[in-house]
Amino acid sequence: KTRIGVLTPYRDDVNAMVRQYIVKNGFEVPVFGSFNEDDDNRAARITTDSIRSAILDIGQHDDVDAVFLSCTSLRLTEIVDQVEQQLAKPVTSSNHALIWHTLRLAGVKETIPGFGMLYNLPADPP
1438 KTRIGVLTPY RDDVNAMVRQ YIVKNGFEVP VFGSFNEDDD NRAARITTDS IRSAILDIGQ
1498 HDDVDAVFLS CTSLRLTEIV DQVEQQLAKP VTSSNHALIW HTLRLAGVKE TIPGFGMLYN
1558 LPADPP
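If you read the sequence shown in the numbering used here, its first letter stands for residue 1438, the second for the next number, and so on.
Shown next as structure tokens:
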């Protein structure tokens, strides 16, 4: 099973649902971090420095294969390449993955350097 470290801005009751959903879909969640924010406006103001630090804290664990940020308010794009290089593990978020998938559906096959490992995957894997 793939072991995903998760970062959210959510409060505990929402985090429990997020964890349950991920586990139900066949993944392990050995490390789960949260900013414990219940206001989306405040969640949107969480700094990229704080997000970077939390990603690195979660991703450093040997039992984490990748890190997933769950929330459209957590900004990842400007730091994804840096944190992936530091961790040597993939990092993505809901927005980050959705944009990649949308590009593929639109027929964009080129890799896009600087936006993390996901954007460097070939459009048609061997």
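Backbone N, C-alpha and C define an ideal beta-carbon position, used for all residues, glycine too.
- Message: Quick check: the Cα distance between Asp1450 and Arg1479, rounded to an integer number of angstroms?
- Response: 18 Å
- Message: Output needed for Val1498: all residues of its chain with C-beta closer than 6 Å, excluding positions within five of it in sequence on either side, in chain order.
- Response: Here the sequence assigns His to residue 1498, which means Val is not the residue at that position. Excluding residues within five positions, the ones whose Cβ falls inside 6 Å are Val1468.
- What span of residues does the beta strand (DSSP E) with Gly1463 cover, start to end? Per DSSP, Gly1463 belongs to no beta strand (DSSP E) and is neither H nor E.
- Residues in its own chain within less than 7 Å of Ala1491 by CB, not counting five upstream and five downstream? Leu1444, Gly1470
- Task: Check whether the Cβ atoms of Phe1464 and Arg1440 lie closer than 9 Å to each other.
- Result: yes
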